[in-house]
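Here the structure comes first, spelled out in structure tokens, and everything after it is commentary.
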Amino acid sequence: MIEEKKAGVFVVADNIYSPIGKTTAENFINLKNNISGVKRHEPGTMSSQPFFVALIGDDDQIIPNIIHTKFERLLIASIDDAVKRAGIDTDKTVLIISTTKGNISLLETEKYTDALKKRIALTTSAGLIANHFGFKQKPIVVSNACISGVLAIITAMRLLRLGTYENAVIAGADVITKFILSGFQSFQALSPGICRPFDRSHDGLNLGEGAGTIILSTNKKYTGNLKLKGGSLSNDANHISGPSRTGEELAYVINRSIEDAGIVKDQTGFISAHGTGTVYNDEMEANAVRIAGVYKVPVNSLKGYYGHTLGAAGLIEAIVSIESLRQGLFIGTPGFEKAPESHPVNASAENRKTDAQNFLKTASGFGGCNAAVIIGK
Amino acid sequence: MEPGLIFRHTRLCGGRRDASRLYDPSIHFIDFILTENIYLSANCTISDGIVRKDEDILFKNEAPINDFLISAYQYFQLSYPKFYKMDNLSKLGWLTAELLLQNSFDKDDYEPEDIGIVLANANSSLDDDLKYCDTIADIASPSLFVYTLPNIVMGEISIRHRFKGEQALFVQEEFTPGFIYQQVSYLLDNDLLQACICGWVDVIGEAYKSVLFLVEKTKNENAVLFSAENMDKIFNTKAD
Chain A
1 MIEEKKAGVF
11 VVADNIYSPI
21 GKTTAENFIN
31 LKNNISGVKR
41 HEPGTMSSQP
51 FFVALIGDDD
61 QIIPNIIHTK
71 FERLLIASID
81 DAVKRAGIDT
91 DKTVLIISTT
101 KGNISLLETE
111 KYTDALKKRI
121 ALTTSAGLIA
131 NHFGFKQKPI
141 VVSNACISGV
151 LAIITAMRLL
161 RLGTYENAVI
171 AGADVITKFI
181 LSGFQSFQAL
191 SPGICRPFDR
201 SHDGLNLGEG
211 AGTIILSTNK
221 KYTGNLKLKG
231 GSLSNDANHI
241 SGPSRTGEEL
251 AYVINRSIED
261 AGIVKDQTGF
271 ISAHGTGTVY
281 NDEMEANAVR
291 IAGVYKVPVN
301 SLKGYYGHTL
311 GAAGLIEAIV
321 SIESLRQGLF
331 IGTPGFEKAP
341 ESHPVNASAE
351 NRKTDAQNFL
361 KTASGFGGCN
371 AAVIIGK
Chain B
378 MEPGLIFRHT
388 RLCGGRRDAS
398 RLYDPSIHFI
408 DFILTENIYL
418 SANCTISDGI
428 VRKDEDILFK
438 NEAPINDFLI
448 SAYQYFQLSY
458 PKFYKMDNLS
468 KLGWLTAELL
478 LQNSFDKDDY
488 EPEDIGIVLA
498 NANSSLDDDL
508 KYCDTIADIA
518 SPSLFVYTLP
528 NIVMGEISIR
538 HRFKGEQALF
548 VQEEFTPGFI
558 YQQVSYLLDN
568 DLLQACICGW
578 VDVIGEAYKS
588 VLFLVEKTKN
598 ENAVLFSAEN
608 MDKIFNTKAD
């Protein structure tokens with residue numbers, strides 16, 4: 001029975017809501033034209049030093065109102081666009097929310113009380129959003145650091161394979177506020193400019209805010225759509241904030257995902273990597289793709305365009321890759337010139353034509369977690 | 378932020394309570410065709426000043442949480458200096474896992490990537506988020522910031538025991554055994570894992586509860602069948 005379901009978890013619709021576009025199409029046009037959402041911001045309430053972050057800025061659609069916070073409005077705006085394009089039965093649909101910090105900014109503006117504790121809970125946000133769309137099934141919340149988006153996709157895939165639900169709306173978002181920015185500053189993990197993943201002069205990451213939504217279904221009417229074929233997870237068991245020394249645990253996940261997808265390594269057309277732009281991450285990932293035997297496969301990181309969007313990252317980056325499969329165009333890695341001698345990868349600043357049938361999306365996060373999915377034709 | 382937001386919430390967020398706490402009503406258990414039996418080899422509960430392993434109360438100390446956790450660590454003569462740097466969520470989860478596995482688990486029976494962790498909680502990392510937030514105004518603390526993610530507790534357990542398999546952390550209003558059962562049995566049925574630690578680890582201020590289960594395919598003499606009912610029964614057993 002699981003074998004039968006493996007045949008078809010279809011990608012039905014998607015949305016990226018970010019500083020460079022409110023729909024996937026808008027985002028992709030800007031990516032093709034090398035337009036980044038990462039900008040320099042002058043010191044202010046969020047930070048006493050200048051900082052490079054991709055922020056959405058003034059936008060009527062995501063201003064908080066009496067019912068919803070900015071974080072929830074952002075998710076609603078993204079889900080709304082995707083749901084409009086899909087023809088799914090909301091009764092058979094599960095909502096899965098992916099986020100690292102949700103409404104944590106409420107701690108900066110509100111007094112902490114029992115009511116705030118309840119309001120700030122991620123399950124409260126998920127419930128409000130499910131109610132807004134009339135999703136009757138109880139929503140699921142994934143909060144697993146930077147792999148949350150990919151983990152949410154894998155969770156949905158497995159629930160659909162089991163037949164528990166027919167459709168899944170997977171939405172992820174994070175809003176960048178002082179809480180998060182100050183934390184990464186305390187780690188000294190931020191680049192003093194726009195991040196340069198995989199380049200030998202990489203010097204840290206940028207943060208970014210945004211939302212991504214993917215709608216999946218096992219309904220056979222979507223036969224012919226792209227499919228979510230496989231996925232896997234692992235832990236480095238090494239350090240809670242630094243990555244694996246070897247990259248073998250991410251390599252394990254890459255191999256397992258390819259196996260789960262029922263394809264072979266050669267059928268991986270390109271890799272949308274995590275690529276934060278820190279030395280630690282980039283080296284670990286370069287090692288992982290080498291150990292997994294896919295180091296010649298074209299690779300990119302989109303974090304120079306979006307910043308690291310935390311709970312949204314896996315989703316936004318997977319959606320761009322889905323669009324790349326559809327349009328036959330693999331987006332470049334802005335700022336990339338040359339990889340370090342010791343850690344070569346097949347990256348490029350330019351967009352590259354591709355006839356890929358499948359792509360691999362990887363993610364890694366604090367706590368030593370790793371995740372990957374394979375999506376393809 | 379609209380000041381009315383907080384008060385509106387309490388009316389809107391009554392929510393819909395599931396008819397049965399055990400299961401999400403949409404899960405159809407007849408869809409499961411188990412290829413082999415899976416067992417609950419052991420369980421460990423820490424809450425309200427009490428540490429219980431399987432049927433036995435091992436330790437009691439009605440102290441504030443900070444003191445309680447340290448006193449339990451010292452009582453069991455554990456030797457892991459990193460414990461002192463952890464936030465309370467990680468201390469609680471790490472301690473529960475340590476006692477769960479002690480005398481009940483031989484990790485040499487498995488490869489590291491065959492052992493995983495599936496956890497859920499209600500408050501995410503809010504307990505540490507509050508403490509971190511207090512430091513932002515002056516000098517933001519990286520040692521507090523690192524724990525402002527709920528999955529770090531799984532990282533701490535993994536590092537201690539060298540568990541490299543699949544892991545996931547879900548945030549839920551309350552422990553939902555049907556959901557956990559579904560997630561874990563998928564992993565073991567499909568040979569993605571051979572053993573799994575699963576359950577609930579939640580802390581917020583002085584309120585804390587952790588209940589962890591060791592799930593394996595081999596049956597030891599005290600094992601019961603891995604099921605939502607069995608997890609629910611253990612979860613709701615009064616500590617004393």
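So the protein sequences, as listed, match chains A and B.
The first sequence lines up with residues 1 to 377 when you count with my numbering.
The second sequence lines up with residues 378 to 617 when you count with my numbering.
Ideal Cβ placement from N, Cα and C applies to all residues, glycine included.
Tell me which residues share the same chain as residue i and place their Cβ nearer than 6 Å to its Cβ, disregarding the 5 neighbours each side in the sequence.
{"i": "I271 of chain A", "result": "V297, V299, L360"}
{"i": "I492 of chain B", "result": "F540, G542, A572"}
{"i": "I176 of chain A", "result": "V53, L207, E209"}
{"i": "V94 of chain A", "result": "Q137, Y165, A168"}
{"i": "S47 of chain A", "result": "L181"}
{"i": "A545 of chain B", "result": "V495"}
{"i": "C195 of chain A", "result": "L205, N206, G277, K303, G304"}
According to the Cβ coordinates, are residue i and residue j closer than 9 Å?
{"i": "F556 of chain B", "j": "L496 of chain B", "result": "no"}
{"i": "A371 of chain A", "j": "V11 of chain A", "result": "no"}
{"i": "A288 of chain A", "j": "C146 of chain A", "result": "no"}
{"i": "N103 of chain A", "j": "I120 of chain A", "result": "yes"}
{"i": "N281 of chain A", "j": "S535 of chain B", "result": "no"}
{"i": "T276 of chain A", "j": "S241 of chain A", "result": "no"}
{"i": "E341 of chain A", "j": "A349 of chain A", "result": "no"}
{"i": "F179 of chain A", "j": "V345 of chain A", "result": "no"}
{"i": "L325 of chain A", "j": "G269 of chain A", "result": "yes"}
{"i": "L122 of chain A", "j": "V141 of chain A", "result": "yes"}
{"i": "N358 of chain A", "j": "A273 of chain A", "result": "no"}
{"i": "G311 of chain A", "j": "G532 of chain B", "result": "no"}
{"i": "S36 of chain A", "j": "Y295 of chain A", "result": "no"}
{"i": "V38 of chain A", "j": "G328 of chain A", "result": "no"}
{"i": "F436 of chain B", "j": "F453 of chain B", "result": "yes"}
{"i": "Y585 of chain B", "j": "L469 of chain B", "result": "yes"}
Can you give the beta carbon distance from residue i to residue j, rounded, assuming they're within the 8 Å contact cut?
{"i": "C369 of chain A", "j": "N144 of chain A", "result": "6 Å"}
{"i": "E285 of chain A", "j": "T354 of chain A", "result": "E285 of chain A to T354 of chain A, Cβ: 20 Å. No contact."}
{"i": "Q61 of chain A", "j": "A77 of chain A", "result": "5 Å"}
{"i": "G231 of chain A", "j": "S257 of chain A", "result": "5 Å"}
{"i": "I56 of chain A", "j": "L75 of chain A", "result": "With 8 Å as the limit, I56 of chain A and L75 of chain A do not qualify as a contact, their Cβ atoms being about 13 Å apart."}
{"i": "L591 of chain B", "j": "S481 of chain B", "result": "6 Å"}
Would you call residue i buried or exposed, if buried means 16 or more other Cβ atoms sit within 10 Å of its Cβ?
{"i": "A463 of chain A", "result": "Residue 463 of chain A is absent from the model: chain A starts at 1 and stops at 377."}
{"i": "R245 of chain A", "result": "exposed"}
{"i": "K221 of chain A", "result": "exposed"}
{"i": "F612 of chain B", "result": "buried"}
{"i": "G465 of chain A", "result": "In the structure as shown, chain A begins at 1 and stops at 377. Residue 465 of chain A is therefore absent and cannot be evaluated."}
{"i": "I434 of chain B", "result": "exposed"}
{"i": "S201 of chain A", "result": "exposed"}
{"i": "E432 of chain B", "result": "exposed"}
{"i": "P527 of chain B", "result": "buried"}
{"i": "D579 of chain B", "result": "buried"}
{"i": "I309 of chain A", "result": "According to the sequence as given, residue 309 of chain A is Thr; it is not Ile. Buried, because 16 or more other Cβ atoms sit within 10 Å of the Cβ of T309 of chain A."}
{"i": "I322 of chain A", "result": "buried"}
{"i": "K22 of chain A", "result": "buried"}
{"i": "Q188 of chain A", "result": "exposed"}
{"i": "V264 of chain A", "result": "exposed"}
{"i": "D408 of chain B", "result": "With a pLDDT of 37 at D408 of chain B, under the threshold of 50, the predicted position of this residue should be treated as unreliable, and no value is reported."}
Residues in its own chain within less than 8 Å of residue i by CB, not counting five upstream and five downstream?
{"i": "H405 of chain B", "result": "Since pLDDT at H405 of chain B reaches only 38, below the 50 mark, its modelled position is unreliable, and the value read off the structure follows with that caveat. Correct list: empty, nothing qualifies."}
{"i": "T223 of chain A", "result": "G8, F10"}
{"i": "F71 of chain A", "result": "T99, G102, N103, S105, S125, A173, D174, V175"}
{"i": "V601 of chain B", "result": "Y416, L417, N607"}
{"i": "D444 of chain B", "result": "N438"}
{"i": "I291 of chain A", "result": "T246, G247, E248, A251"}
Which same chain residues end up closer than 7 Å to residue i when comparing Cβ atoms and leaving out the 5 residues on each side of it in sequence?
{"i": "S403 of chain B", "result": "Summary for S403 of chain B: the model assigns pLDDT 41, below 50, so the residue's position carries little reliability; its value from the coordinates is reported in the next sentence. Within the same chain, S403 of chain B has no close Cβ partners at all."}
{"i": "L228 of chain A", "result": "V9, V11, I153, M157, L216, V373, I375"}
{"i": "P50 of chain A", "result": "R40, H41, E42, P43"}
{"i": "T193 of chain A", "result": "The sequence shown places Gly at residue 193 of chain A, rather than the Thr named in the question. Correct list, in chain order: F52."}
{"i": "A347 of chain A", "result": "F198, V299, N300, T333, F336, A339"}
{"i": "P243 of chain A", "result": "D236, Y280, N281, M284, S364"}
{"i": "N30 of chain A", "result": "I20, G21"}
Would you say the beta carbon of residue i is closer than 8 Å to some non-hydrogen atom of the ligand COA?
{"i": "D114 of chain A", "result": "Absence of the ligand COA from the depicted structure is noted, as is the absence of any ligand whatsoever, leaving it without description."}
Please determine if the segment 208-217 of chain A and the segment 157-171 of chain A are in contact, where contact requires at least 3 C-beta pairs separated by less than 8 Å. yes
Pairing CB atoms from the segment 11-22 of chain A with CB atoms from the segment 179-195 of chain A, are three or more of them under 8 Å? Look at the beta carbons and you see the segment 11-22 of chain A not touching the segment 179-195 of chain A: under three pairs across the two are nearer than 8 Å.
Is the segment 499-508 of chain B close to the segment 461-470 of chain B, with three or more CB pairs under 8 Å? yes
Touch test, the segment 589-597 of chain B against the segment 474-491 of chain B, Cβ-Cβ under 8 Å, three pairs minimum: yes
Should the segment 99-118 of chain A be called in touch with the segment 242-258 of chain A, which here means at least 3 C-beta pairs below 8 Å? no
Is there contact between the segment 470-477 of chain B and the segment 420-430 of chain B, where contact requires at least three CB pairs shorter than 8 Å? yes
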